[in-house]
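**Q**
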Amino acid sequence: MDISFNPEEIAFQKEVRTFFETEYPADILEKSANRQSLSSDDMVRSQKALHAQGWIAPNWPEEYGGTGWSPSQKYIFETEMARAGAPRLVPFGLGMVGPIIYTFGNDEQKKRFLPGILESDIWWCQGFSEPGAGSDLASLSTKAERDGDHYIVTGQKTWTTFAQYADWIFCLVRTSTEEKKQLGISFLLIDMKSPGITVNPIVTIDGGREVNDVHFENVRVPVDNLIGEEGAGWTYAKMLLTHERTGIAGVARSKEQIETIRAIATKTDNGFGEMMTDDADFMRRLALVEIELMALEFTELRTLAAVQTGKAPGPESSILKIKGTEIQQLITELFVELAGNYATPYLPEFYVPGSNVDSVGPGWAADATSKYFNFRKTSIYGGSNEIQKNIIAKAVLGL
Amino acid sequence: MNFSFSEEQEMVRDFVERFVREKYEPDMRRKIESSEQGFSSENWNMFAELGWLGLPFPEEDGGFGGGAVETMIIFEAFGRGPVLEPFLATAILAGSALRQAASAAQKEALIPAIIDGSIQLALAYCEPDGRYNPANVSTMATETGEGFVIDGDKSVVLNGPAADRLIISARTHGQQHDPDGVTLFLVDASAKGVSRQNYPTQDGFRASEIVFDEVAVSADAVIGELHGGYAILNNAIEEAILASCAEAVGAMEMLYKATVEFSRTRKQFGVPIGSFQVLQHRMSEMFMEYEQTKSLLYRAAMAMDAGADDASRTISALKIQVGNAGRKVGQEAIQIHGGMGMTEEMYVGYYFKRLTMINSLFGNIDYHLRRFTGA
Ligand SMILES: Cc1cc2nc3c(=O)[nH]c(=O)nc-3n(C[C@H](O)[C@H](O)[C@H](O)COP(=O)(O)OP(=O)(O)OC[C@H]3O[C@@H](n4cnc5c(N)ncnc54)[C@H](O)[C@@H]3O)c2cc1C
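Those protein sequences? They're chains A and B, same order as listed.
According to this note's numbering, the first sequence holds residues 1 to 399 in order.
According to this note's numbering, the second sequence holds residues 1001 to 1375 in order.
1) With a floor of 4 residues, list each alpha helix (DSSP H) that falls wholly inside the region 285-370 of chain A, ordered by position along the chain.
2) Jot down the residue ranges of each uninterrupted beta strand (DSSP E) in the region 223-270 of chain A, minimum 3 residues, whole runs only, in chain order.
3) Answer with yes or no whether the minimum CB distance from N1136(B) to chain A is below 7 Å.
4) Taking the alpha helix (DSSP H) that H1368(B) belongs to, which residues open and close that run?
5) Mind checking E80(A): buried by the 16 CB within 10 Å criterion, or exposed?
6) Say yes only if the C-beta of E386(A) is nearer than 6 Å to one or more non-hydrogen atoms of ligand 2, and no if none qualify.
7) By the three-class DSSP mapping on this structure, what secondary structure does T154(A) have?
8) Measure from the alpha carbon of G1367(B) to the alpha carbon of each residue in Q1037(B), Q1120(B), Y1132(B) and P1082(B), then state which is nearest.
9) From which residue to which residue does the alpha helix (DSSP H) around A1231(B) run?
10) Ligand 1 heavy atoms versus the CB of R1266(B): any closer than 6 Å?
11) When the Cα of G233(A) is compared with those of I101(A), F19(A) and N385(A), which residue comes out closest?
12) Grab me the residues of H150(A)'s own chain with a C-beta within less than 8 Å of its C-beta, minus the 5 sequence neighbours each way, in chain order.
13) Can you find a CB in chain A that lies within less than 7 Å of the CB of T1343(B)?
14) Label V396(A) either buried or exposed according to how many other C-beta atoms from any shown protein chain fall within 10 Å of its C-beta, with 16 as the threshold for buried.
15) Closest Cβ-Cβ distance between V1156(B) and chain A: below 7 Å?
16) Which of helix, strand or coil does DSSP assign to T204(A)?
17) F1003(B) to I197(A), Cα distance in whole Å?
18) Figure out for me which residue from E1289(B), T1139(B) and A1301(B) has the closest Cα to the Cα of A1325(B).
19) Heavy atom of ligand 1 less than 6 Å from the Cβ of G1339(B), yes or no?
20) Which term fits H1337(B), buried or exposed, when burial requires 16 or more other beta carbons within 10 angstroms of its beta carbon?
21) Identify whether Q1268(B) lies in helix, strand or coil by the three-state DSSP scheme.
22) Tell me, which residues are paired with A1141(B) by DSSP?
23) For T369(A), which residues of its own chain have a beta-carbon under 6 Å away from its beta-carbon, when the five flanking residues on both sides are left out?
24) Output, in chain order, the set of chain A residues within a Cβ distance shorter than 7 Å of P1200(B).
25) Out of curiosity, what's the CA-to-CA distance linking V1083(B) and G54(A)?
26) Report all residues from its chain with a CB closer than 7 Å to the CB of N218(A); omit the five preceding and five following residues, and keep chain order.
27) Between S72(A), V90(A), P71(A) and A33(A), which has its C-alpha nearest L50(A)'s C-alpha?
28) Could you name the residues of the same chain whose beta carbon sits closer than 7 Å to that of M125(A), not counting the 5 residues immediately before and after it, in chain order?
29) By Cβ distance below 7 Å, which residues in the same chain neighbour L1297(B) in space, the five residues on each side in sequence not counted?
30) Under a CB-based cut-off of 7 Å, is I205(A) close to chain B?
31) Measuring CB to CB, does F282(A) end up less than 7 Å from I227(A)?
32) Between the Cα of L293(A) and the Cα atoms of T266(A), A305(A) and I327(A), which residue gives the shortest distance?
33) Which residues, in order along the region 1257-1276 of chain B, keep a beta-carbon less than 7 Å from a beta-carbon of chain A?
34) Per the contact definition of three or more C-beta pairs closer than 8 Å, is the region 362-378 of chain A in contact with the region 202-219 of chain A?
35) Determine the closest residue to K267(A) out of D1027(B), G1307(B), F1005(B) and P1128(B), with distance taken between C-alpha atoms.
36) How is the alpha helix (DSSP H) around F77(A) delimited, first residue to last?
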């Protein structure tokens, strides 16, 4: 065991830092720093910059475009990326469907879909949840009936993040109602331009527009778009969900946020002529979150060290999801607290680049409350935190 | 001790509850919230006609002489909307300053007009660096021959956009954090040198940042004693805390009930999610938090009406309880509703947002813990 970086790792850290300082799109970092919202175009551009460097998919096996990094290098990369303030990668292609395609897809599918994911030319979205199938995902009812070389898909997906930008959607569909419900599920890739698909926005409590309803009415999907075997979709989905959970933890980003809070606190008046850093109650709460995070950082490193590159971690990933999201939510609350009275204004236009709406109070406070509201989602999506605890109880504790 | 409401109090409660049921269905609320003004003039006029706006004012000023208990009754019902009309800003926050300290002439000029609904007020006391400390005043009022000239910035002034008159705190003496030397002034919102940046709040109300640039007022614009505004502000804020905490209790009641109801009808794994014990326990906790908060609310209202020695301390206790319980009840309501809880369409979000904002208005948990412990 050794907690320090070796000389190669230090050199690598420097290389990554330099990359973000000199080659990564500076305007995107600036927008992020100013808490402005990024367009889908910005997100694509930021990912293309990473791809140009060969760093877009550190978790993929090398043969498919991964980096071949050690766990320490991945850790360094994540940390530096968060430190630079670079936006997170859109997870649906790189973190979810990509690994499913290279693990279970046929050669034709790998050739057809993996390059578009690595190059961020194809935007994916995740069509799992349905109005009647949330936590009980296996009860999903969107059906796909075989008709010659096609499936005819009819049903509704919901909460589909960024469906408004998506070129393709990966769906769990019911291909059979005969057996146990998990066995009748298949994993299907669907072109969003197919006739019969409509996307309707769902506005979230923070006023944001990131989720959608997606309706399918007799949508014809070529049988070639089926991943693996018909009826085996549930097994693939389970693997994908553990990837998703691990990705949600967001440790490096939370670390960065804690530093940001501390830096703001040193400059924010507590109302009594001192700074918020002199406010013992506030600083104690910040410390408690930081301690949780210090532990989680090593829980993550321990978990990931045990997993081979490209493979999914086991049920331990649930711990990363629960703790990671609890910490993220607490961080958003600390921002709200720090903002004081300035948590109150609601100025959605402020985040739109180029808008001439003035911030009210300090710029960092402008999105504090909206973010707190929005981040309540993190304990709900990716399998709710209650469901994660059920998984730990069953699969880890054997209860 | 007596825990029951009088007949008149019950009548008021029934009236206000009916108003909220009939005029604050989610769609109606959405319409009011998204209107330019952010509240309904029709509702406001109705408040005037029914005499609600007169309730917090003494009879000798033309009001109905209600106390903390009456305020509590109105606002607990308002919390079920949550109602957007600026009752809190006009009749409680600014109204309290007038009740406590206005001259006979000032009362006569303002209170009847508030009661009949023709004018609205705002209390401008927060400052950009002041956080929750009402003594932290750097807005300056400089004495001239004829009166005062006021310069400075006020932030997050509730009901700033619709206010015809502003009551503002300014320093006439002492240093930036001294309680002594703060004076309250009555300023016309359209006076020369007053400029407002208006915006909606996270929970659908309206507020303003207000700049005072060489605003001249006459000597009779002073409310109460010169240098003596801090005590008035403190009492006004305490009244506003009681009112907004009553609102919070109403909101929590809506949330726990809506969540229980949702858990009965939402099925996953072939059963209602309300059958999962882990959720049952959490809804039991929501219920307990609601009951505990309601108890402290009653305690605070009764202590206030009795002028008890520990009334201020009880108000801080209530504010802390509302902060903690509101957070818990709000977060659990969203969580147990799952994805539905995250939608603008599902009205649990309104209550969650209002509870969040009530926690951060008028001093958050830390601020009131300091006050409670006397630190
Ligand atoms: C912002 C956002 C983005 C999302 N993006 C996507 C996306 O891109 N693609 C996609 O497919 N899905 C997405 N989802 C959907 C998400 O995965 C579901 O919301 C989640 O699985 C929960 O399902 P539900 O909302 O139906 O809640 P329900 O399953 O109805 O759950 C309601 C409550 O009951 C609890 N509960 C349920 N079962 C149990 C149990 N057995 N024991 C104890 N408690 C239980 C839950 O934890 C929750 O608190 C998104 C959701 C949100 C909020």
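Beta carbons are placed, not taken as given, at the ideal position from N, Cα and C, and that holds for glycine.
**A** So, from the listed chains and residues:
1) 317-339
2) List check, beta strand (DSSP E) in window: nothing returned.
3) yes
4) For H1368(B), the enclosing alpha helix (DSSP H) covers residues I1365 to T1373.
5) buried
6) This structure does not include ligand 2; its bound ligands are ligand 1.
7) strand
8) Strictly speaking, residue 1367(B) in this sequence is Tyr, with Gly absent from that position. Per the Cα distances, Y1132(B).
9) Counting along the chain, the alpha helix (DSSP H) containing A1231(B) begins and ends at G1229 to T1265.
10) yes
11) I101(A)
12) R220, V221, P222 and V223
13) yes
14) Per the 10 Å Cβ criterion, exposed.
15) yes
16) Here DSSP, grouped into helix, strand and coil, assigns T204(A) to strand.
17) 60 Å
18) E1289(B)
19) Shortest gap from the CB of G1339(B) to any heavy atom of ligand 1: under 6 Å.
20) buried
21) Three-state result, Q1268(B): strand.
22) I1150(B)
23) So the list reads V336 and A343, once near-sequence residues are dropped.
24) Y346
25) 55 Å
26) Cβ neighbours of N218(A) beyond the five flanking positions: I152, T154 and G196.
27) V90(A)
28) Residue identity differs from the one stated: residue 125(A) is Cys in this sequence, not Met. Answer for C125(A): F92, T160, T161, F162, A163, A166 and I169, listed in chain order.
29) M1072, C1245, A1246, V1249 and L1318
30) yes
31) no
32) I327(A)
33) Q1268 and F1269
34) Yes, the region 202-219 of chain A touches the region 362-378 of chain A.
35) P1128(B)
36) P71 to A84 is the span of the alpha helix (DSSP H), which, as asked, contains F77(A).
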